[in-house]
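**Q** Dumping the structure here so I can ask a few things about it.
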Ligand code: ZN
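In the numbering used here, the protein residues as written are 249 to 658.
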């Protein structure tokens, strides 16, 4: 019987669980110790700690407290792990919690978090996704269902002091180039009473919370990479910076498109992971590793057919940009949204499909001046109807009276 090292009570606040934390800092104490070769289970909250409800009102998305995120389970100490090693993590399995078989997707309001297409979708909206075994479907977005490509959006090891200082220095410098920008250029350290520092208490807790890194961006240690292919069956190699490594994880996704473009997020869920850890001593130098590397799962949804949308680095106003893949991918996404609207979807529903379905994003060309080319690969088989173009033109297949909820008082 595999031990569950971290348990969570979804009816209770994550702040009451000292095996949870929501900041990165080298002094956060290990909550459990394991041996290399051990396998164990870890339970996780959803990334917001239960702030988003299974209902038809997006007020919770609009009013979400982003100072609270992300709630992570850990850190787990691995005996014998030292700085410079690689921590090998086999993700043996991942699942949803029996009494919480649903997830959420949404867009944050531009005033509170925003998202990849926040200029086009500035209001908070959400969709709820029910899990039917390995499949998911939403009452707010008819006509699609997907097989889950379940993965932790966020997983990585504790930074050491030098790495934490480096993060804070470079992110503060970027933030200060445009300190009033909405959304902000970077999420800098802030306690505000919302930092959860695990078992830390008193003055030590307060001092660490004031400088602890937010969990928002991916960094050298992995962290919030939001890689859909880091699914069950994957093997991941993480750089180790502190004795014991300090592995933490959370932000489980039932399914996600490349880019996690909707930001509130993929199909977000609470759940559990079954993992095994081992070590490669001195592995960082042996293999020239700076950022994690991984091998994907041998099992992935078998969607072979795609309709592929191209985008180039010319913005919505016709402005020319130099080899900018961010703008090129945005155009590919906007082109896909316009196309899906022809079948009856609202823009919001189409945007949500791109954020949640196993959509692939590719950097197709970055050398043909002045335009980068990005492509968005939309699986055709996830739709209940034919979405391919034909001589008769698109048919409306989606009930226009069904849309994603807004906040109640808007
Ligand atoms: Zn997420």
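Every residue, glycine too, gets a C-beta built ideally from N, C-alpha and C. Owing to the predicted nature of the structure, the values given are computational and were not obtained by experimental measurement.
(1) Does the beta-carbon distance from residue 289 to residue 645 come in below 8 Å?
(2) I need the DSSP call for residue 331, collapsed to helix, strand or coil.
(3) Please classify residue 534: does DSSP put it in a helix, a strand, or coil?
(4) Can you grab the Cα-Cα spacing for the pair residue 643 / residue 391, in whole Å?
(5) Relative to the alpha-carbon of residue 575, which residue among 534, 405, 620, 435 has its alpha-carbon at the smallest distance?
(6) Starting from the C-beta of residue 613, find all residues in its chain whose C-beta is less than 6 Å away, skip the five residues before and the five after it, and write them out in chain order.
(7) My output table needs one value for residue 459: the three-state DSSP class, helix, strand or coil.
(8) Report whether the distance from the Cβ of residue 457 to the nearest heavy atom of ligand 1 is below 7 Å.
(9) Let me check you understand the geometry: is the CB of residue 377 closer than 7 Å to at least one non-hydrogen atom of ligand 1?
(10) Please find out if some non-hydrogen atom of ligand 1 comes closer than 7 Å to the beta-carbon of residue 746.
(11) Cβ atoms of residue 512 and residue 302: under 8 Å apart, would you say?
(12) For residue 365, which option in 579, 402, 639, 389 has the closest C-alpha, if you only look at C-alpha atoms?
(13) What is the residue span of the alpha helix (DSSP H) that residue 373 lies within?
(14) Using C-beta distances below 8 Å, list every residue in its chain close to residue 349, excluding the 5 sequence neighbours before and after it, in chain order.
(15) What number of angstroms, rounded off, separates the C-alpha of residue 611 from the C-alpha of residue 588?
(16) Would you say the beta carbon of residue 499 comes nearer than 7 Å to a heavy atom of ligand 1?
(17) What would DSSP say about residue 628, mapped onto helix, strand or coil?
(18) Relative to the C-alpha of residue 400, which residue among 470, 276, 599 is closest?
(19) Can you say whether residue 422 is buried or exposed, counting buried as having 16 or more other CB atoms within 10 angstroms of its CB?
(20) Please report how far the alpha carbon of residue 476 lies from the alpha carbon of residue 420, in whole angstroms.
(21) I want to check one thing, is the minimum distance from the CB of residue 516 to the heavy atoms of ligand 1 below 7 Å?
(22) Please tell me whether, using a cut-off of 7 Å, the distance from the CB of residue 513 to the nearest non-hydrogen atom of ligand 1 is below it.
(23) Taking the beta carbon of residue 404 as the centre, do at least 16 other beta carbons fall within 10 Å, making it buried, or is it exposed?
(24) Could you give the distance in angstroms between the alpha-carbon of residue 586 and the alpha-carbon of residue 593?
(25) Report the CB separation of residue 499 from residue 318 in whole angstroms; it is logged as a contact under 8 Å.
(26) Name the DSSP bridge partner or partners of residue 321?
(27) Determine contact between the stretch 404-416 and the stretch 265-282, defined as no fewer than three beta-carbon pairs at a distance below 8 Å.
(28) Going straight from the alpha carbon of residue 393 to that of residue 444, what length do you get?
(29) Please report the distance separating the alpha-carbon of residue 518 from that of residue 345.
(30) Say yes only if the C-beta of residue 350 is nearer than 7 Å to one or more non-hydrogen atoms of ligand 1, and no if none qualify.
**A** Let me lay it out:
(1) no
(2) coil
(3) helix
(4) Each residue's CA atom was taken as its position, placing residue 643 and residue 391 some 13 Å apart.
(5) 620
(6) 621
(7) Secondary structure at residue 459: helix, using DSSP grouped into helix, strand and coil.
(8) no
(9) No, ligand 1 has no heavy atom inside 7 Å of this Cβ.
(10) Outside the shown range of the chain, which is 249 to 658, sits residue 746, and nothing can be said about it.
(11) no
(12) 579
(13) No alpha helix (DSSP H) contains residue 373, which is instead part of the beta strand (DSSP E) from 373-380.
(14) 378, 379
(15) One C-alpha to the other measures close to 22 Å.
(16) yes
(17) helix
(18) 470
(19) exposed
(20) In a straight line, the C-alpha of residue 476 is about 29 Å away from that of residue 420.
(21) yes
(22) yes
(23) buried
(24) 9 Å
(25) 5 Å between Cβ atoms; contact.
(26) 268, 497
(27) Contact annotation: the stretch 404-416 touches the stretch 265-282, with at least three C-beta pairs closer than 8 Å.
(28) C-alpha separation (whole angstroms): 36 Å.
(29) When rounded, the distance between both Cα atoms is 7 Å.
(30) no
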